[in-house]
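Peer 1:
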Amino acid sequence: MSDMTETPNSDPQAGSKPGLARHLPLIAVAAVALIGAVALKDYLTFDTLRDNREALMAFRDQNYLGLVALFMGLYIVIVVFSLPGAAVASVTGGFLFGLAAGTVFNVISATIGAAGIFLAARMGLGAMLTAKIEAAEGRVQMLKQALRENEIEVLLLLRLVPAVPFFVANLLPALVGVKFRNFLWTTAAGIIPGAIVFTWIGVGVGSVFDRGEDPDLSLLWEPHVIGPILGLCVLAAMPILVKAVRGNIRGRKNKDS
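Going left to right, the sequence shown walks through residues 862 to 1118 as the working numbering numbers them.
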């Protein structure tokens, strides 16, 4: 009789395996990120680029496409696993490939890496965090509501505002549940201004190394650079402001009527 009443789900570990499997992508990202942050922090630096610049330039002249593939692959890994050295990679893109090609390679690599984080978070935490976010209040609920009503505009602002960490701008939209296609194209478009700045720094990095100095990444905060980027932020925010103003006007009219 006991054999007949026993069900296939009586094993307590049976239900836990699918849940663990769903979390494996994000667990892998977190583990590699932790290991990489410790093991690679002394290698993905401007000193490494300075010491190997002649070898890199020689390899570029002999095998341009091979170096492009190697560079983009490394950049994607840096972004996916949030390893130290994303700024160094962007500068390196300008140093090796020039402003136009370097910007294109930087933007494509960063976008693919961002998509990797997004998909890992969506697969690993999607169902569990969606339920928590639905029940959340305060800022989380406000952000979700803002993304529902102005998804494109908020995604662009997350990319354009320099104060928002890149990893946060990759992870948050996945947890809130934005459309992947909107995340993808707003990422590519929104990071272009910053990518141009870092690639531009890289174009002149050879002369900086010759002076025994490191590239000055604070250039991003110079008024003539940050000004246009903040202008783009205002343009991206305008539809949100217009909707808010219209909503207030309609609300007042309804009260008066």
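Just so it is clear, CB atoms sit at the ideal spot from N, CA and C, and this is done for glycine as well.
For R914, collect the residues of the same chain with a Cβ closer than 8 angstroms to its Cβ; drop the 5 residues on either side in sequence, then sort them by chain order.
Peer 2: The answer, listed in chain order, is F956, G1067 and F1070.
Peer 1: Can you give the beta carbon distance from I1013 to T1060, rounded, assuming they're within the 8 angstroms contact cut?
Peer 2: Going by Cβ atoms, the distance from I1013 to T1060 rounds to 25 angstroms, so no, they are not a contact pair.
Peer 1: Would a check of beta-carbon distances place R983 closer than 8 angstroms to chain C?
Peer 2: Looking for chain C here will not work: only one protein chain is present.
Peer 1: Assuming G1063 is part of the alpha helix (DSSP H), what are its boundary residues?
Peer 2: Run containing G1063: I1053 to V1064, per the alpha helix (DSSP H) assignment.
Peer 1: Are A971 and A1035 close, meaning C-beta to C-beta below 8 angstroms?
Peer 2: For A971 and A1035, no; Cβs fall outside 8 angstroms.
Peer 1: Considering only the alpha carbon of each residue, which of G1073, D922, S951 and S1079 lies closest to R911?
Peer 2: The shortest Cα separation from R911 among G1073, D922, S951 and S1079 belongs to G1073.
Peer 1: Contact defined as beta carbons within less than 8 angstroms: I believe G1063 pairs with G954. What is the distance between those atoms, to the nearest angstrom?
Peer 2: Between G954 and G1063 the Cβ distance is about 6 angstroms, and since that is below 8 angstroms, they are a contact.
Peer 1: Taking 8 angstroms as the threshold (C-beta atoms), are V941 and I969 in contact?
Peer 2: Contact: no.
Peer 1: Which stretch, first to last residue, makes up the alpha helix (DSSP H) that contains F1127?
Peer 2: Residue coverage of the chain in this structure runs from 862 to 1118, which leaves residue 1127 outside it and unanswerable.
Peer 1: Give the single residue among G963, A919 and T906 whose Cα lies nearest to the Cα of F932.
Peer 2: Measuring from the Cα of F932, the nearest candidate turns out to be G963.
Peer 1: When the Cα atoms are used, what is the spatial distance from M1099 to V1025?
Peer 2: So the alpha carbons of these two residues sit roughly 19 angstroms apart.
Peer 1: Tell me which same chain residues have a C-beta within less than 8 angstroms of the C-beta of L960, skipping the five on either side of it?
Peer 2: Hits under 8 angstroms: I1057, T1060, W1061 and V1064.
Peer 1: Is the beta carbon of I1090 closer than 8 angstroms to that of P1023?
Peer 2: The answer is yes: Cβ separation under 8 angstroms.
Peer 1: On a CA-only basis, which of D1077, S943 and V965 is nearest N1031? Give me that one, please.
Peer 2: For the residues D1077, S943 and V965, the minimum Cα distance to N1031 belongs to S943.
Peer 1: Could you give the DSSP three-state label for D864: helix, strand or coil?
Peer 2: Interpretation of D864 is limited by its pLDDT of 48, a score under 50 that renders its predicted location unreliable; the figure taken from the coordinates is listed afterwards. Note: D864 maps to helix in three-state DSSP.
Peer 1: State the Cα-Cα distance for the pair M862 and M984, rounded to the nearest angstrom.
Peer 2: Because M862 carries a pLDDT of 46, less than 50, the predicted location of this residue cannot be relied on, and the following value inherits that uncertainty. One C-alpha to the other measures close to 41 angstroms.
Peer 1: For A1050 versus L1017, is the C-beta distance shorter than 8 angstroms?
Peer 2: Yes.
Peer 1: Could you work out which residue in R1020, L1008 and F1028 is closest to K1040 when comparing CA atoms only?
Peer 2: For K1040, the nearest C-alpha among the options comes from L1008.
Peer 1: How many Å lie between G1038 and A919 at the Cα?
Peer 2: Cα to Cα, the separation comes out at about 45 angstroms.
Peer 1: Can you give me the Cβ contacts of A950 inside the same chain, cut-off strictly under 6 angstroms, excluding the 5 residues immediately before and after it?
Peer 2: So the qualifying residues of the chain are Y936 and I939.
Peer 1: Please classify G946 as buried or exposed, where buried requires at least 16 other C-beta atoms within 10 Å of its C-beta.
Peer 2: The residue is buried, with at least 16 neighbouring Cβ atoms inside 10 Å.
Peer 1: Three-state secondary structure (DSSP) at P1076?
Peer 2: Correct three-state label for P1076: coil.
Peer 1: Taking the C-alpha atoms as reference points, what is the distance between N924 and P1084?
Peer 2: When rounded, the distance between both Cα atoms is 39 angstroms.
Peer 1: Can you name, in chain order, every residue of its own chain whose Cβ lies under 7 angstroms from the Cβ of P1076, other than the five neighbours on each side?
Peer 2: Excluding sequence neighbours, P1076 sits near F907, V952, I1062, V1066 and V1069.
Peer 1: Give me the residue from F1044, D922, T909 and L1019 with the minimum Cα distance to L1093.
Peer 2: Of F1044, D922, T909 and L1019, the residue nearest in Cα terms is L1019.
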